[in-house]
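*Asks:* The opening position of the sequence shown corresponds to residue 9 in the numbering used here, with each subsequent residue numbered one higher. Even for Gly, the Cβ is constructed at its ideal location relative to N, Cα and C. This is the structure, below, for whatever I ask next.
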Amino acid sequence: MTDNVMTRERADLGTYEDIAAAAMRTTGLSDFGGTAHEEGLRVLVEDLASPEAGLTPRGNYFQRSEVKSALVGRLLTEAAFTARPEHADVPIVRPIFVMGLPRTGTTALHRLLYADPGAQGLEMWLTQFPQPRPPREQWDADPVFSMMQAGFAAHHAENPEYTGIHYMDATSVEECWRLLRQTGKSNSYESLANLPRYSRWLQGQDWTDAYARHRRNLQLIGLNDPEKRWVLKNPSHMTALDALMAVYPDALIVYTHRDPVVCLASSCSLSAETTVGHSDTYVGGVIGHTQLDLWARSFHAFHDARERYDEAQFVDVSFDEFRADQVGTVQRIYERFGLTWTPEVELAVRDADEELRSGAHAPSHRYDLKDYGLSAERVRGAFVR
């Protein structure tokens with residue numbers, strides 16, 4: 009066993025107290041801003057340590073790092089909230105939220121909307137280490153940014169197949185579940201392990217406090233760019249649309265569609281590729297069963313809640329329509345929401361579109377539903393309205 013492998017394995021996950029202590033040692037901070045996050049993360053840690061999760065030493069290391077990262081993020085933002093109280097006055101007006109089943113084109117659409125010079129999003133390094141966004145020319149000198157960039161470069165070199173499924177680096181605009189998990193509420197964990205108890209706990213929760221903290225994080229991160237419109241993306245927003253709209257009543261929702269059979273096969277493949285060697289139980293049919301349950305619940309929760317809101321705040325985008333004309337789709341979204349589509353915006357979106365269609369960002373992904381114990385009939389039946 010090499011030293012590199014040894015540093016990425018643990019004999020056990022550790023307790024919540026153990027992980028919280030590690031987060032405090034890492035940051036030199038101790039104020040979590042209360043205990044609202046503890047219930048969910050304690051349930052999560054106990055579930056991860058159970059036989060149902062079946063974690064291997066590699067899985068223990070990975071999942072412990074994920075829980076610790078949530079706690080580090082909470083500690084850092086709590087300190088920043090205190091150091092920069094003016095964040096509370098930063099306006100957030102008509103933010104755009106992209107959501108839909110996984111693998112429906114949300115990543116590409118999100119990145120095209122973010123290309124607008126008047127937009128801002130959550131860059132990967134700032135989702136993990138929230139702070140007021142520094143000017144871009146200062147990022148390379150930041151030791152945290154440099155460390156993350158080096159980590160992503162090593163990951164892509166070691167896992168070239170994953171690059172074609174979902175390319176990212178520290179500069180990539182990414183999903184905002186890392187902010188939601190600061191309150192212990194994120195269905196991202198359910199996409200990475202078999203967690204029956206945590207899943208049941210999460211289904212019974214009101215997410216309003218998670219979105220309230222999400223908003224405070226956006227105010228903090230966007231402190232230096234208050235005039236820019238937020239463009240955000242996360243499939244799990246489908247799960248908690250009522251909470252999102254309670255905190256962001258003027259939100260603009262872009263909802264993406266695709267054949268759920270393709271979505272589930274691709275989503276299962278992504279979960280499997282992300283967790284190779286992490287668990288003796290979260291494989292094959294278990295991945296298929298848990299992901300079908302998760303996303304069917306999210307789908308129905310979204311559609312049930314959507315009926316309660318102004319339809320003018322929503323635009324629907326089909327995957328096929330988007331792929332046929334990506335720039336035109338973005339323009340249609342702008343027109344639907346009454347946003348200004350200028351030559352400058354169009355040029356920026358076209359440049360981003362060209363980049364997405366080539367190089368490291370170009371999609372390349374193969375998957376088969378049967379590998380996860382699912383049939384097309386079963387999947388389609390779960391999404392019937």
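1) Determine the extent of the alpha helix (DSSP H) in which residue 389 is found, giving its start and end residues.
2) Please state the DSSP three-state secondary structure of residue 236.
3) In this structure, what does DSSP give as the bridge partners for residue 328?
4) Pick helix, strand or coil for residue 74, following the three-state DSSP scheme.
5) Between the segment 107 to 115 and the segment 243 to 254, do three or more beta carbon pairs fall short of 8 Å?
6) Please confirm whether residue 379 and residue 292 have their CB atoms less than 8 Å apart.
7) Could you check where the beta strand (DSSP E) with residue 262 kicks off and where it finishes?
8) Quick check: the segment 345 to 360 against the segment 137 to 157, are at least 3 beta-carbon pairs closer than 8 Å?
9) Report yes or no: do the segment 198 to 214 and the segment 29 to 39 share at least 3 C-beta pairs separated by less than 8 Å?
10) Just reading off the beta strand (DSSP E) that residue 284 is part of, what are its end residues?
11) I need the straight-line Cα distance from residue 75 to residue 54, nearest angstrom please.
12) Roughly how many angstroms lie between the CA atoms of residue 142 and residue 232, to the nearest whole one?
13) How many Å lie between residue 186 and residue 94 at the Cα?
14) In or out: residue 198 buried (at least 16 other Cβ within 10 Å) or exposed?
15) Rounded C-beta distance between residue 22 and residue 192? I'm assuming under 8 Å.
16) Check for me: the beta strand (DSSP E) holding residue 107 runs from which residue to which?
17) In angstroms with no decimal places, state the Cα-to-Cα distance between residue 389 and residue 36.
18) Going by the beta-carbon positions, is the gap between residue 19 and residue 59 smaller than 8 Å?
19) Closest Cβ-Cβ distance between residue 259 and chain D: below 8 Å?
20) Which word fits residue 112, buried or exposed, when buried means at least 16 other C-beta atoms lie within 10 angstroms of its C-beta?
21) May I ask you to verify whether the segment 75 to 85 touches the segment 273 to 280, counting CB pairs closer than 8 Å and requiring at least 3?
22) Note the first and the last residue of the continuous alpha helix (DSSP H) segment covering residue 219.
23) What residue ranges within the segment 98 to 153 form continuous alpha helix (DSSP H) runs of no fewer than 4 residues, ordered along the chain?
24) Inspect the beta-carbon positions of residue 16 and residue 69 and report whether they are closer than 8 Å.
25) Can you tell me whether residue 378 is helix, strand or coil according to DSSP?
26) Could you tell me if residue 392 is buried or exposed, where buried requires 16 or more neighbouring beta carbons within 10 angstroms of its beta carbon?
27) Which residues in the same chain have their Cβ closer than 6 Å to the Cβ of residue 87, if we skip the five residues on either side of it in sequence?
28) State the CB to CB distance for the pair residue 239 and residue 122, rounded to an integer number of angstroms; the pair is presumed to be in contact (CB under 8 Å).
29) Grab the span of the alpha helix (DSSP H) containing residue 40 for me, first residue to last.
30) What residues match up with residue 322 in a beta bridge as DSSP calls it?
31) Going by the beta-carbon positions, is the gap between residue 182 and residue 132 smaller than 8 Å?
32) Please classify residue 43 as buried or exposed, where buried requires at least 16 other C-beta atoms within 10 Å of its C-beta.
33) Name the two residues that bound the continuous alpha helix (DSSP H) containing residue 334.
34) Can you give the Cα-Cα distance for residue 126 and residue 295, rounded to whole angstroms?
35) Here's the rule: buried if 16 or more other CB atoms are within 10 angstroms of the residue's CB, otherwise exposed. What is residue 298?
36) Rounded C-beta distance between residue 89 and residue 228? I'm assuming under 8 Å.
*Replies:* This is what the structure gives:
1) As a position in the sequence shown, residue 389 is number 381, starting the count at 1. It spans 384 to 390 - the alpha helix (DSSP H) in which residue 389 sits, taken as one unbroken run.
2) Position 228 of the sequence shown holds residue 236. The answer is coil: DSSP assigns residue 236 none of H, G, I, E or B.
3) Position 320 of the sequence shown, counting from 1, holds the residue named residue 328. Residue 328 pairs with nothing; no bridge assigned.
4) Locating residue 74 in the sequence shown gives position 66, where the first residue counts as 1. Helix.
5) yes
6) Against the sequence shown, residue 379 aligns to sequence position 371. Against the sequence shown, residue 292 aligns to sequence position 284. Yes, Cβ-Cβ distance for residue 379 and residue 292 is below 8 Å.
7) On the sequence shown, position 254 is the one that residue 262 refers to. Here the beta strand (DSSP E) through residue 262 covers 260 to 265.
8) no
9) no
10) Mapped onto the sequence shown, residue 284 falls at position 276. Careful: residue 284 lies outside any beta strand (DSSP E) and carries neither H nor E.
11) Taking the sequence shown and counting its residues from 1, the one referred to as residue 75 is at position 67. Taking the sequence shown and counting its residues from 1, the one referred to as residue 54 is at position 46. Answer to the nearest angstrom: the Cα atoms are 12 Å apart.
12) What you label residue 142 is simply residue 134 of the sequence shown in a count that begins at 1. What you label residue 232 is simply residue 224 of the sequence shown in a count that begins at 1. Distance between the alpha carbons of residue 142 and residue 232 is about 8 Å.
13) As a working mapping, residue 186 is identified with position 178 in the sequence shown. As a working mapping, residue 94 is identified with position 86 in the sequence shown. Going by the C-alpha atoms only, they are around 23 Å apart.
14) Counted from its first residue, the sequence shown places residue 198 at position 190. With 16 or more other Cβ atoms within 10 Å, it is buried.
15) In the sequence shown, counting from the first residue as 1, residue 22 sits at position 14. In the sequence shown, counting from the first residue as 1, residue 192 sits at position 184. The Cβ separation is near 17 Å, so there is no contact.
16) Within the sequence shown, the letter at position 99 stands for residue 107. That run of the beta strand (DSSP E) goes 104 to 108.
17) Here residue 389 refers to the residue found at position 381 when the sequence shown is read from its first residue. Here residue 36 refers to the residue found at position 28 when the sequence shown is read from its first residue. Going from the Cα of residue 389 to the Cα of residue 36 covers about 51 Å.
18) The residue you call residue 19 lines up with position 11 of the sequence shown. The residue you call residue 59 lines up with position 51 of the sequence shown. No, the pair does not count as a contact, with Cβ atoms beyond the cut-off.
19) The structure shown has no chain D; it contains just one protein chain.
20) Your numbering for residue 112 matches position 104 in the sequence shown. So residue 112 counts as buried.
21) no
22) Within the sequence shown, residue 219 is the residue found at index 211, counting from 1. Its alpha helix (DSSP H) spans residues 216 to 229.
23) 114 to 122, 132 to 136
24) If you number the sequence shown from 1, residue 16 lands on position 8. If you number the sequence shown from 1, residue 69 lands on position 61. Yes; because the gap between Cβ atoms is below 8 Å, this pair is in contact.
25) Counted from its first residue, the sequence shown places residue 378 at position 370. Of the three classes helix, strand and coil, the one that applies to residue 378 here is helix, per DSSP.
26) Translated into the one-based positions of the sequence shown, residue 392 becomes position 384. Under this definition residue 392 is an exposed residue.
27) The residue given as residue 87 occupies position 79 in the sequence shown. Cβ neighbours of residue 87 beyond the five flanking positions: 37.
28) Translated into the one-based positions of the sequence shown, residue 239 becomes position 231. Translated into the one-based positions of the sequence shown, residue 122 becomes position 114. So it is a contact: roughly 5 Å between Cβ atoms.
29) Looking up residue 40 in the sequence shown gives position 32. Looking at the DSSP string, residue 40 is not in any alpha helix (DSSP H), and its letter there is neither H nor E.
30) Translated into positions along the sequence shown, residue 322 becomes position 314. In the DSSP output, where bridge partners are listed per residue, residue 322 has 261.
31) For the purposes of this step, residue 182 is identified with residue 174 of the sequence shown, where counting begins at 1. For the purposes of this step, residue 132 is identified with residue 124 of the sequence shown, where counting begins at 1. Contact: yes.
32) Residue mapping note: residue 43 aligns to position 35 of the sequence shown, counting from 1. Answer is exposed; the Cβ neighbour count stays below 16.
33) Working through the sequence shown from its first residue, we reach residue 334 at position 326. 334 to 345 is the span of the alpha helix (DSSP H), which, as asked, contains residue 334.
34) Residue mapping note: residue 126 aligns to position 118 of the sequence shown, counting from 1. Residue mapping note: residue 295 aligns to position 287 of the sequence shown, counting from 1. Rounded to whole angstroms, residue 126 to residue 295 spans 40 Å at the Cα level.
35) Against the sequence shown, residue 298 aligns to sequence position 290. By the 10 Å Cβ count, residue 298 comes out buried.
36) Here residue 89 refers to the residue found at position 81 of the sequence shown. Here residue 228 refers to the residue found at position 220 of the sequence shown. Sure, about 7 Å apart at Cβ, within 8 Å.
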